[in-house]
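Participant: For reference, the structure I am asking about is given below.
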Amino acid sequence: MLHIPLLRAGQPYQSLSTIEVLNSQTGEPMAVMSQANRGLISRDMLSISDHKRVLDQFTVADLIQVSQIAGQHFMQAELPIGQQLQSPNDYIAQLSTSTGVPKTLCRQNMNKIATVLNHVDDVLGGLTRGLDLSILDKGWGQQHGRMLGYLCCADSLGGILPSNSAGVHSLWVPSIALKVPLVLKPGSTEPWSPYRIAQAFIKAGCPPEAFNLYPTSHDGATEILLRTDRSVLYGSESTVAPWRSDPKVQIHGTGWSKILVGEDALTNWEQYLEMMITSVAENSGRSCINTSSIWVPAQGQQIAEAVAGQLSQIQALPLDHPEARLSAFFDPQIAHRLVDMIEGYLKIPGAIDISSQLFEVESVVETDGYTFLMPKVIYCSDPSHPLANTEFLFPFVSVVEAPQSKILNLIGSTLVASVLTEDQVWITDLLHSPDIERLNLGAIPTNHISWDQPHEGNLFDLLYRQRAMQADQRLATA
Amino acid sequence: MTIEPVSDPPSGLSSSMLPADLIASAREALDAHVRHVVNCHFDPEKGTPFWLTYAQKLGFDPRHKINGYNDLRLLGHFQDEWLRGGPIRKWIPKALADQPVYVFETGGSTGLPKSRISIRDFQIDYELFSQHLSTETFPTGSDWLMLGPSGPRRLRLAVEHLAQIRGGICFLVDLDPRWVSKLVKIGKHQEFEAYRDHVVGQALQLLRAHDNIHCLFTTPKLLEALCEKISLNKVGITGIFCGGTEMNAQFHRFAREELVPGIDFVPTYGNTLMGLAYSKPFDSSTGSEDEPADRYSITYYPPYPRAVIELVDPDAPDQAVDYDQTGRVMLTTLTEEFFMPRFLERDEAERARPTEQFPWDGVRDLRLFSELKETVPVGVY
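So this is what it looks like as structure tokens:
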């Protein structure tokens, strides 16, 4: 059976502690994965500054080129995984099998990662707001007649990574071009993408020392967060809560992304239906940037019925079906627990399950060994209902009715808000809302990413800080 | 009543005997020891108040019915709830009522801590254990550093006694495991790290200041933290006695290969209720794939006949599992001070065969019982 080893400074290491990676359809093991003990991680971290020095010998321009070549290898090459070679199709098949994500969606996410690698120069341009990146090589320089100095704050970037959607890995890959080695804990069902990205980089000429992959326990994850100078943490509210006040840790928690509909847009809300469906259901609703609630000042039930009608067309199809849009749950027990939770909340007045009541959509479909949660639309007449502002790992959306004047006070933390309005007063209020991380004005689906915009914090700002810098004329022009 | 062990330690058995004879001899010694201990605790004049009360509900006199280890099932399973809360004096045998009594507590990870009285048991346990330590790597006359949990735990006094009977003096650095557990539980990871650094910093001071410290007791996590700051080889440590929390084969390998290569590393399993188990000496001969023959598995043998570990079917605890099969730990402690028959522990392991050195059953790759894995925090320090 395939054994996925750790990568310690790019070198494979087979641990005596292993866990099984399971087939989401059969429950049978498809691979074993080495587990790093906590002390091994902390011991390796003693050498991380040496690994950083190795990356520092490259220019950012060199590493952009390496990233672009890595993007090609990621898409096309046979790359090592343990003692085996993995083709692009193997990768898609393994990713789909362990996570329950249809192959079509796996391929979309693969393309997303490759796009960022191929266009990492554009991504860095957006993150640095057009900084001349050679300034990072020297640490200082002049641009637009101004002296600029930047200090790299991290010998490594830690990453506690999720399993829900491979596309998320596109967010940390620019770290290499920014000369910062990676210390990653892959998700328990998704080691495939971080491993393949690392091997693509190594094949492209990146120093192996830049990659440390440690599948590990919560204990090991804590060690990564404590030992790396900067890190990104993906997880549920309970996972991220202890780290919220740590400025070294960039939190990627629950998204609670939303579509907000203004009073002026209600007259022709039907024209936004497709945008709503895309926002809710694309990528099987697994991303934090998928819409989990639509807030409207009126006509909530009508909108909910229209959305539910469209979503009811989505079928539970085999993962290799070309039309598959819905992911299976890798752990059926989780699916059943979520349904129980939702049904429990529905007993509280103020929310109606439109999908079930109007379209007779079953909550759970179990077929051919897979367990699917079918898309669900809830109409909430009470904006304080527990289902009004929640998020699940499947296409789930609440259509919540509340006066426009109160919506901004009710929405709470919102990773992406796509706002349908031309009301300039409301737009001004939206621009001032501290609850909204990314603001889309107009019919832009919440899950559409512009790569030159930061996402949940800016990776460049996390890894570098601008310093005050002066140099005398002779040195400045040397 | 004497407080010495009632039988010779296992090393007293003749090595020229056949293994089957060795096993039979050990078993005979166990059965005799069981009769002796049952007589002690159920004697109306000299026995233990708890067990005398318990006997009234039995409808028979255990002294007459229990003739060996297998008969202990007549008493059912010891319940850990009996050790939670007082009165603590119900556990003191009347025959020992005039002796100074210690009370030790378990970690408290499964609720209110269990309390156990001890008079000389902890010293006897460590005296027996001492016989299995190398005098080359744990030299007599050298000093010790005990870096680990003390407080209401037995470890501090026990390790200090071990050092003293080997002619050494024990330096002590305390760690409060309950505080550590609390910090981890509430997600105060940075505070945990600061506390760990505080503890390790004190150990570093002692190691640098006292060059006769050659022996170390510590927990796996503290060993990792210590080795990040210092080479234990360079400060003269030659033997490490490591335990206190769960240890697996990967940690064992990591310790031998990377943390403390060249230092005698002795994993141990002990707890307040049992005493201290011996670990099978590490077999460094090469097996398949260039790995040591035992793949760094850790096999423990209880301090027979003072304690017996059986691995049983979790769903049918009267049924022992076969060799190399996984079972739940059922622990029996048999001393004149403390009697604990057939207690179902929170651990599981694989059943290991007797050896010439330890001609009774052992346990391999001990770990938290899988049904409890999500509810009990372990190994946080």
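From first to last, the protein sequence lines are chains A and B.
Quick note on numbering: the working numbering labels position 47 of the first sequence as 74, and the sequence is numbered without any gaps.
Quick note on numbering: the working numbering labels position 267 of the second sequence as 272, and the sequence is numbered without any gaps.
Glycine residues also receive a C-beta, built at the ideal position from the N, C-alpha and C atoms.
#1: Can you check which of these residues, A88(A), C180(A) and P235(A), is closest to R492(A) by C-alpha distance?
#2: If I follow the unbroken alpha helix (DSSP H) through G98(A), where does it start and stop?
#3: With three or more beta-carbon pairs closer than 8 Å as the criterion, would you say the stretch 365-373 of chain A touches the stretch 412-430 of chain A?
#4: Taking only beta-carbon positions, decide if S42(A) is within less than 8 Å of chain B.
#5: Residues in the stretch 254-268 of chain A with C-beta within 8 Å of chain B's C-beta atoms, listed in sequence order?
#6: Please list the segments of the beta strand (DSSP E) lying wholly inside the stretch 294-345 of chain A, counting only runs of 3 or more residues, in order along the chain.
#7: Mapping the DSSP letters down to three states, classify H257(B) as helix, strand or coil.
#8: Apart from the five residues just before and just after L80(B), which ones in its own chain have a Cβ nearer than 6 Å to its Cβ?
#9: Spatial neighbours of L117(B) within its chain, please: CB distance less than 6 Å, with the 5 preceding and 5 following residues excluded, ordered by chain position.
#10: Round the Cβ separation of F93(B) and P364(B) to the nearest angstrom and send it over; I've been treating them as touching at under 8 Å.
#11: Taking one C-beta from the stretch 281-300 of chain A and one from the stretch 388-404 of chain A each time, how about it: are there three or more such pairs within less than 8 Å?
#12: Measure the Cβ-Cβ separation of I140(A) and V200(A) and say whether it is below 8 Å.
#13: Is it the case that the Cβ atoms of V59(A) and S94(A) are separated by a distance below 8 Å?
#14: Between the alpha carbons of I405(A) and S411(A), how many angstroms are there, rounded?
#15: With distance defined between alpha-carbon atoms, name the residue in E86(B), F47(B), D85(B) and F55(B) nearest to D67(B).
#16: So is Y328(B) in contact with chain A if we call contact Cβ pairs under 8 Å?
#17: Give me the Cβ distance between N239(A) and R494(A), rounded to the nearest whole Å; I'm assuming they're in contact under 8 Å.
#18: Going by other Cβ atoms of all chains shown within 10 Å of its Cβ, with 16 needed for buried, is P359(B) buried or exposed?
#19: On the CB-based measure, 16 or more other CB atoms within 10 Å of its CB, does P10(B) come out buried or exposed?
#20: Would you call the CB atoms of L237(B) and M279(B) closer than 8 Å?
#21: Three-state secondary structure (DSSP) at W478(A)?
#22: Apart from the five residues on each side of it in sequence, which residues of its chain come closer than 8 Å, Cβ to Cβ, to S74(A)?
#23: Kindly indicate which residue of E361(B), D130(B), T111(B) and V271(B) has the alpha-carbon position closest to the one of R121(B).
#24: Could you say if the stretch 309-319 of chain A and the stretch 276-284 of chain A meet the contact criterion of at least three C-beta pairs nearer than 8 Å?
#25: Rounded to whole angstroms, what is the Cα-Cα separation between R80(A) and L158(A)?
#26: State whether the stretch 179-199 of chain A contacts the stretch 207-217 of chain A, with contact taken as three or more CB pairs (one from each stretch) at a distance under 8 Å.
#27: Is H348(A) a contact residue of the ligand SAH, with contact defined as CB to any heavy atom under 7 Å?
#28: Would you report the Cα separation of P382(B) and A248(A), rounded to the nearest angstrom?
#29: Under 8 Å: do the stretch 290-304 of chain A and the stretch 367-380 of chain A share three or more Cβ pairs, one atom per stretch?
#30: Beta-carbon within less than 7 Å of I330(A)'s beta-carbon, same chain only, minus the 5 sequence neighbours each way: which residues are those?
#31: Tell me the DSSP bridge mates of H279(A)?
#32: Just to make sure I have the definition right: I need the residues of chain D whose C-beta is within less than 7 Å of the C-beta of T249(A). Which are they?
#33: Three or more beta-carbon pairs under 8 Å between the stretch 301-317 of chain B and the stretch 30-38 of chain B, yes or no?
#34: Where V443(A) and W453(A) are concerned, what is the direct C-alpha to C-alpha distance, given to the nearest angstrom?
#35: Exposed or buried, which one is Q62(A) when buried takes at least 16 other CB atoms within 10 Å?
#36: How close, in whole Å, do the beta carbons of E341(B) and C45(B) come, if the pair is a contact with beta carbons under 8 Å?
Facilitator: If we stick to the structure as given:
#1: Taking the first sequence and counting its residues from 1, the one referred to as residue 492(A) is at position 465. The candidate whose alpha carbon is nearest that of R492(A) is C180(A).
#2: Here residue 98(A) refers to the residue found at position 71 when the first sequence is read from its first residue. From DSSP, the alpha helix (DSSP H) with G98(A) extends over V87 to Q103.
#3: yes
#4: Taking the first residue of the first sequence as position 1, residue 42(A) is located at position 15. Taking Cβ atoms only, chain B reaches closer than 8 Å to S42(A), which makes this a yes.
#5: A268
#6: 318-323
#7: Locating residue 257(B) in the second sequence gives position 252, counting from the first residue. Three-state result, H257(B): helix.
#8: Along the second sequence, read from residue 1 onward, the residue named residue 80(B) stands at position 75. Counting only Cβ-Cβ distances below 6 Å, and skipping sequence neighbours, we find P346.
#9: Here residue 117(B) refers to the residue found at position 112 when the second sequence is read from its first residue. Within the same chain, L117(B) has close Cβ partners R89.
#10: Numbered from its first residue, the second sequence carries residue 93(B) at position 88. Numbered from its first residue, the second sequence carries residue 364(B) at position 359. The question names Phe, yet the displayed sequence has Ile at residue 93(B). At roughly 36 Å, the Cβ-Cβ gap does not stay under 8 Å, so I93(B) and P364(B) are not in contact.
#11: no
#12: Within the first sequence, the letter at position 113 stands for residue 140(A). Within the first sequence, the letter at position 173 stands for residue 200(A). It is a contact, given that the beta carbons lie within the stated cut-off.
#13: Here residue 59(A) refers to the residue found at position 32 when the first sequence is read from its first residue. Here residue 94(A) refers to the residue found at position 67 when the first sequence is read from its first residue. The answer is no: Cβ separation not under 8 Å.
#14: On the first sequence, residue 405(A) is found 378 positions in, with the first residue counted as 1. On the first sequence, residue 411(A) is found 384 positions in, with the first residue counted as 1. In a straight line, the C-alpha of I405(A) is about 13 Å away from that of S411(A).
#15: One-based indexing of the second sequence puts residue 67(B) at position 62. Going by the sequence as given, residue 67(B) is Pro instead of Asp. Residue F47(B) is the option with its Cα nearest to P67(B).
#16: Locating residue 328(B) in the second sequence gives position 323, counting from the first residue. No, its Cβ sits nowhere closer than 8 Å to a Cβ of chain A.
#17: On the first sequence, residue 239(A) is found 212 positions in, with the first residue counted as 1. On the first sequence, residue 494(A) is found 467 positions in, with the first residue counted as 1. Their Cβ separation, rounded to whole angstroms, is 28 Å, which puts N239(A) and R494(A) out of contact at 8 Å.
#18: Translated into positions along the second sequence, residue 359(B) becomes position 354. It counts as buried.
#19: Position 5 of the second sequence holds residue 10(B). Bear in mind that the predicted position of P10(B) carries a pLDDT of just 36, short of 50, making it unreliable; the figure below should be weighed with that in mind. Buried, by the Cβ-count rule.
#20: Here residue 237(B) is taken as the residue at index 232 of the second sequence, counted from 1. Here residue 279(B) is taken as the residue at index 274 of the second sequence, counted from 1. Contact: no.
#21: Position 451 of the first sequence, counting from 1, holds the residue named residue 478(A). Three-state DSSP puts W478(A) in coil, outside helix and strand.
#22: To locate residue 74(A), count along the first sequence from 1; it is residue 47. So the qualifying residues of the chain are A36.
#23: Reading the second sequence from its first residue, position 116 is the one you call residue 121(B). Ranking E361(B), D130(B), T111(B) and V271(B) by Cα distance to R121(B) puts T111(B) first.
#24: yes
#25: Taking the first sequence and counting its residues from 1, one reaches residue 80(A) at position 53. Taking the first sequence and counting its residues from 1, one reaches residue 158(A) at position 131. Answer to the nearest angstrom: the Cα atoms are 22 Å apart.
#26: yes
#27: With respect to small molecules bound, the structure shown includes none, and the ligand SAH cannot be examined in it.
#28: Here the question's residue 382(B) lines up with position 377 in the second sequence. Here the question's residue 248(A) lines up with position 221 in the first sequence. Below a pLDDT of 50, predicted positions are generally treated as unreliable, and P382(B), at 47, falls in that range; the measurement from the model is reported next regardless. Taking the straight line joining both Cα atoms gives about 16 Å.
#29: no
#30: By 1-based counting over the first sequence, the position of residue 330(A) is 303. W296, I321, V323 and V426.
#31: Position 252 of the first sequence, counted from the first residue, corresponds to residue 279(A). According to DSSP, which records beta bridges pairwise, H279(A) is partnered with Y261(A).
#32: Among the protein chains of the structure shown, namely A and B, there is no chain D.
#33: yes
#34: To locate residue 443(A), count along the first sequence from 1; it is residue 416. To locate residue 453(A), count along the first sequence from 1; it is residue 426. Distance between the alpha carbons of V443(A) and W453(A) is about 17 Å.
#35: Counting from 1 along the first sequence, the entry for residue 62(A) is found at position 35. So Q62(A) counts as buried.
#36: Along the second sequence, read from residue 1 onward, the residue named residue 341(B) stands at position 336. Along the second sequence, read from residue 1 onward, the residue named residue 45(B) stands at position 40. The pair is a contact, with the Cβ atoms about 5 Å apart (cut-off 8 Å).
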